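Numbering (the UniProt record's numbering), first residue to last: 1 to 126.
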């Protein structure tokens, strides 16, 4: 682990079967991890923790991922944050909407965690 500050990663998903392994993986890779189980928690966490990377599910019971992404993009202090959508919604229109609201990347579920880790490293190398 380098001396630079740990990257803050917020994982947002209402599925524990996705949330738990991702949280474990991010911690194992030396990231500081926050989790949110719905859109409301996600927005509160964004405001409080200001994560560097947000892994964001789209379909959630309260506020959807698109709305959370809009919220992030509306925050001045979140300018450098990377938003990665992880979604089972794989229609072109859904993916286009993801990029339209400000996503840096859209990964269809199911995805390989190795692929996800590579993408996070690519997006966060400054």
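Yeah, the Cβ is synthetic: ideal placement off N, Cα and C, and Gly gets one too. Note that the coordinates shown come from a computational prediction; the quantities given were computed from them, not determined experimentally.
Residue pairing of residue 32 in beta bridges, as defined by DSSP: 8. Annotation note: the region 16-102 contains the following uninterrupted alpha helix (DSSP H) runs of length 4 or greater, listed N- to C-terminal: 16-28, 39-49, 65-73, 92-100. Counting other Cβ atoms within 10 Å of its Cβ, residue 23 reaches 16 or more and is therefore classed as buried. For residue 119, the uninterrupted alpha helix (DSSP H) run begins and ends at 113-124, by DSSP.
Nearest to residue 63 by C-alpha distance, out of 106, 120, 13, is 13. Look at residue 108 here: in three-state DSSP terms it is strand. Linking residue 17 to residue 74 through their CA atoms gives a straight-line distance of about 30 angstroms. Sequence-distant partners of residue 69 (beyond 5 residues in either direction) whose C-beta falls short of 7 angstroms from its own C-beta, in its chain, are 56, 83, 101, 102, 103.
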